[in-house]
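In full-length UniProt numbering, the protein residues as written are 1 to 145.
Here a beta-carbon is modelled for each residue, glycine too, at the ideal position from N, C-alpha and C.
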């Protein structure tokens with residue numbers, strides 16, 4: 001009987017774990033999701049800014065996802081179309097062009113913007129979060145500003 005209960009509980013745990021959406025990986029770190037209708041100059045500018053701010057993003061454990069509604073995805077092949085649609089719906093990103101959101105390690109939306117991003121303000125917002133303050137107390141910045 002003891003083994004049957006153990007088997008039943010482990011079966012429930014494995015079923016529960018598999019119920020999480022695959023984009024649940026965004027809950028292990030901070031995330032920026034940037035959505036546009038097409039890959040245009042503003043999307044290219046955002047991607048360039050991601051590269052320029054790589055050290056700051058890495059230091060703050062921020063992963064980025066750039067999606068266009070006409071099929072561009074950065075990083076490539078991370079999600080299938082259904083997963084992308086579910087994610088956009090989950091974060092209410094169904095309409096609008098050039099929308100970005102910051103998602104905290106808890107999976108909750110922390111900030112939303114449209115158009116160009118003020119990187120300094122975003123970094124200050126993140127650095128003011130309690131979990132980030134604890135991270136900064138343990139480790140000094142190595143990024144050159």
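Could you check whether the region 26-37 touches the region 58-65, counting it as contact only if at least three pairs of C-beta atoms, one from each stretch, sit closer than 8 Å?
yes
Locate the alpha helix (DSSP H) running through residue 131, then write down its first and last residues.
130-138
Would you mind giving the Cβ-Cβ distance between residue 70 and residue 38, rounded to the nearest angstrom? I have them listed as a contact below 8 Å.
5 Å
Express the C-alpha separation of residue 103 and residue 111 in angstroms, rounding to a whole number.
7 Å
Cβ-heavy atom distance, residue 29 to the ligand NAP, below 7 Å:
With respect to the ligand NAP, the structure offers nothing, as it holds no ligand at all.
What does the Cβ neighbour count give for residue 108, buried or exposed, with the cut at 16 atoms within 10 Å?
exposed
So, for residue 47: in the same chain, excluding its five sequence neighbours on each side, which residues have a beta-carbon less than 7 Å away from its beta-carbon?
66, 74
Inter-residue spacing [alpha-carbon to alpha-carbon] between residue 132 and residue 52:
21 Å
What three-state label does DSSP hand residue 105 in the structure shown?
coil
In DSSP terms, what residue 113 is bridged to
100
Residue of 106, 128, 124, 100 minimising C-alpha distance to residue 116
100
Consult DSSP for residue 125 and reduce its assignment to one of helix, strand or coil.
helix
For residue 35, the residue or residues it bridges with in DSSP
67, 99
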